[in-house]
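Student: Numbering of the sequence shown is given in the numbering used here, commencing with residue 483 and proceeding in unit increments. Can you keep this structure in mind? I'll have questions shortly.
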Amino acid sequence: IVIAASCGASSPSGTGIEGTWALRSLEVDGAPIEIPSDARSRSLKSVALWIRFESGELSGEGPCNAFSGGYEFADSIITLTDVASTVVVCGFGGQVEIVIESLYGGLQLGVQFPTPQTMELTGGSVRTIFERTSDSSLNR
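Below, the structure is given as structure tokens:
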């Protein structure tokens, strides 16, 4: 999977995509998708989905499934490798799980940093906004 990246506002030096990001909004086909209040990840109860990019490794968790893999980020392009996900069916996470599926479903996603603390991923019919969050928020 190749994700093209461009910057609206530049991301701060040394941070870029690395770090932990919490899903704040989701659109499919231009329509906002309401994230159900009970759709929460197991380890970060304040959000429905989080994703972490760290030293070439990708990990994250939604309300139903966890995922991991590798990535390379160079020249404003992120290439995801060997992304795998658990396959747990649950009723309350439905639309949020679209984000996880997009990571290993062959979509090319654009990456923008509207602010240093905000990342936008877009691809196909899916648009997501993530906000940088602290790793200390995770219940490990």
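Heads up, the beta-carbon is just placed ideally off N, CA and C, and yes, glycines get one too.
Would you kindly work out how many angstroms separate the C-alpha atoms of residue 588 and residue 600, rounded to a whole number?
Tutor: In the sequence shown, the residue the question calls residue 588 occupies position 106. In the sequence shown, the residue the question calls residue 600 occupies position 118. Bear in mind that the predicted position of residue 588 carries a pLDDT of just 47, short of 50, making it too unreliable to give a figure here.
Student: CB-CB under 8 Å to residue 534, same chain, minus the five flanking residues each way: which ones, in chain order?
Tutor: The count along the sequence shown starts at 1 and reaches residue 534 at position 52. 501, 502, 503, 540, 541, 542, 617, listed in sequence order.
Student: Using only the alpha-carbon positions, how far apart do residue 623 and residue 536 sit?
Tutor: With the chain running from 483 to 622 in the structure shown, residue 623 is simply not present.
Student: What are the boundary residues of the beta strand (DSSP E) that residue 515 is part of?
Tutor: Position 33 of the sequence shown, counting from 1, holds the residue named residue 515. From DSSP, residue 515 is part of no beta strand (DSSP E); its letter is neither H nor E.
Student: Between 592, 526, 538, 561, which lies nearest to residue 615 when the distance is taken from Cα to Cα?
Tutor: Here residue 615 refers to the residue found at position 133 of the sequence shown. The shortest C-alpha separation from residue 615 is found at 526.
Student: Does the Cβ of residue 604 have 16 or more other Cβ atoms within 10 Å, making it buried, or fewer, making it exposed?
Tutor: Translated into positions along the sequence shown, residue 604 becomes position 122. When all chains shown are included, residue 604 counts as buried.
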